[in-house]
Structure formats: structure tokens, C-alpha cells
Amino acid sequence: MPIKHFDHYLTERKHLQTLSLNVLADSRLGIDAHYYLKQLTENLPSREPLLAATGGLPLALTTRIETDLRTLEKLRIKPVFVFPGLLPAKRWRQQQHQVDWDEACKARRDAWSKYEAGQEEAASRLFESRSGLQPWDLWRMVLRIFRHRNVEFLVAPYVAWAQVGILYLPSQYLPVDFTS
């Protein structure tokens, strides 16, 4: 199980360092696909704040993924994306899901009301707070890009970070990994 707030802990104690991507040239890179997509959808420039208003898939996301893949290709870095499978010990809570869905619908309804009243700033904040987009909503689009570009990917039986770790350890199949 990942350690909560581990990134924050490492950053706070200055244990992280940033290097050029050239350091990974001519290698394989294991990437937790869920973490990667979450980073893309939550951070600029591929984040789309009005996605709840427009609906559909993020338009900038395809461009950003293609750009990332081209960058890796130029450096001869072979990515291996690992998608999560089943979540162990997670029980589906229909009641909580319904509450979340109702709150998201109410927030969108309030956002449209504010937009129609001419309060664009408040409407944008409400739309941005409840996009309703989950990383698994993007998987079909992302897998289509991967198949088109012959990018290697696999679906882990359970959580992706564990699978990336397993690929990393025993045989040096993946000398580098990118996960949460």
C-alpha cells in the first residue's frame, strides 16, 4: 500500500532531486497509468476547468499524451504503462456513490444558475470543483492512442503501483518506475 503524503514528506526534507530526462535515455520506464492520467487531468496545461460544463473527454489530453510519447521516443525511452485492475478490500458503497453523484449534480446545477445570472467567475469555480471525470473514464481513449503508437501496456491484477514494483525488482525488466 502506498504511503500517504510520502511525496510531501520527501519534498519537505529535500530528498528529491530533479534531473534531465536524458538520464533515462536508452531505458525502459514503468509508469503507473492511473497516477499519470491523474497528474495530467489535475495539472496545467492539460487540465480543463470547464469540463463539467462541456462534457466529453478533455481535448488537450490527447495532445499532451502524444507530446509526452514523442519526447520519450526521441530519447529512446520505452514506456510500459501499467493500469490498475481490481481494488482489493474495497466494498462498493452504493449509498456513498449516490450521495457523491447528487452533490456533483447540485454543484453543476448551481454553476449553470450562476452562469446564467452573469456570474462567470463563480460559475467557473463551481464547474472546476466538480468535473466528475475519473481516470478510468479516459482509458479507452488512452488505450486507442497506445495501440496506434505501439506503446506497451498491461493491466495489473490488482493495484498498478504493486505491479510496477514487481516488474522493477526481480529481473530489472524495468530499471526505472514512475508511480505514486
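Per our numbering, the very first residue in the sequence shown carries number 1; after that it's consecutive.
Idealized CB from N, CA, C, for every residue including glycine.
Identity of the residue in the options nearest residue i by Cα
i: A104; options: W136, L24 and F127; result: F127
i: F81; options: L24, V142, L16 and T41; result: V142
i: T71; options: A123, F153 and S20; result: S20
i: L69; options: E152, V159, Q163 and A156; result: E152
i: Q163; options: I77, S27, G85 and L44; result: G85
i: I145; options: A117, I77, R76 and I65; result: I65
i: Q39; options: L138, I77, T11 and D26; result: L138
i: A25; options: P79, L87 and L75; result: L75
i: R23; options: T11, I77, L37 and P45; result: A small fix is needed here, since residue 23 is Val in this sequence, not Arg. Checked all of T11, I77, L37 and P45; the closest Cα to V23 is I77.
Cross-strand partners of residue i (DSSP beta bridge)
i: V155; result: F83
Distance cut-off 8 Å: residue i Cβ against heavy atoms of the ligand COA
i: L61; result: The ligand content of the structure shown is nil, which means the ligand COA is not present either.
Where the alpha helix (DSSP H) containing residue i begins and where it ends
i: L61; result: L59 to K74
i: D26; result: From DSSP, D26 is part of no alpha helix (DSSP H); its letter is neither H nor E.
i: H8; result: F6 to E12
i: W139; result: W139 to H148
Burial state of residue i, where buried means 16 or more other Cβ atoms lie within 10 Å
i: T41; result: buried
i: L61; result: buried
i: R108; result: buried
i: E48; result: buried
i: F6; result: exposed
i: P79; result: buried
i: Y9; result: exposed
i: M1; result: Low per-residue confidence applies at M1: pLDDT is 46, beneath 50, and the placement is therefore not dependable enough to give any value.
i: P45; result: exposed
i: A117; result: exposed
Subject >> Stretch-stretch touch, CB-based, cutoff 8 Å, three pairs: the stretch 8-22 with the stretch 104-124 >> reply: no
**OP:** Determine, using beta-carbon pairs with one atom in the stretch 32-41 and one in the stretch 154-162, whether at least three such pairs fall under 8 Å.
**Re:** yes
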